[in-house]
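Worksheet: the structure to be examined is printed underneath.
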Amino acid sequence: MFLKNVYSIRLNRQDTLIKDYLKKYPVANQSLIIKSLIIDGIHARQNEAHGIKGANEKLEEILVLLKKMQILEKSTKGIQLEEGN
């Protein structure tokens, strides 16, 4: 005999968006619909977090390049001044 974890979700009056969405489906399928919505939401959040991490890494690379460019610019200005004299 297997025991399943049972979870319950309490919907309030303000949760009309969820209630209206679930009304489109037969009561027997509503649990599966809720599961798929939760899974889709988890995947969306994970993808969002992955995208943010990737964007942050790109920003770090750009900052490093900008710092290198500033150092290079400062060093070339000194050379130009010396050549002009």
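In this text, residue positions in the sequence shown follow our numbering: the first is 1489, and each later residue adds one. The C-beta atom is built at its ideal place from N, Cα and C for all residues, glycine as well.
Inter-residue spacing [alpha-carbon to alpha-carbon] between residue i and residue j
i: Q1502; j: Y1509; result: 13 angstroms
i: I1530; j: E1545; result: 23 angstroms
i: I1506; j: R1498; result: 11 angstroms
i: K1541; j: I1527; result: 21 angstroms
i: I1559; j: E1549; result: 16 angstroms
i: L1525; j: K1512; result: 14 angstroms
i: N1517; j: N1500; result: 20 angstroms
i: Q1534; j: K1562; result: 42 angstroms
i: E1536; j: K1492; result: 31 angstroms
i: F1490; j: S1519; result: 19 angstroms
i: T1504; j: P1514; result: 17 angstroms
i: V1494; j: A1532; result: 24 angstroms
Sequence-distant residues of the same chain with beta carbon closer than 8 angstroms to residue i, five excluded per side
i: I1522; result: I1497 and L1510
i: N1573; result: Bear in mind that a pLDDT of 49 at N1573, under 50, signals an unreliable position, so the model cannot answer this.
Same chain, Cβ closer than 6 angstroms to residue i, neighbours up to 5 away in sequence not counted
i: L1553; result: none
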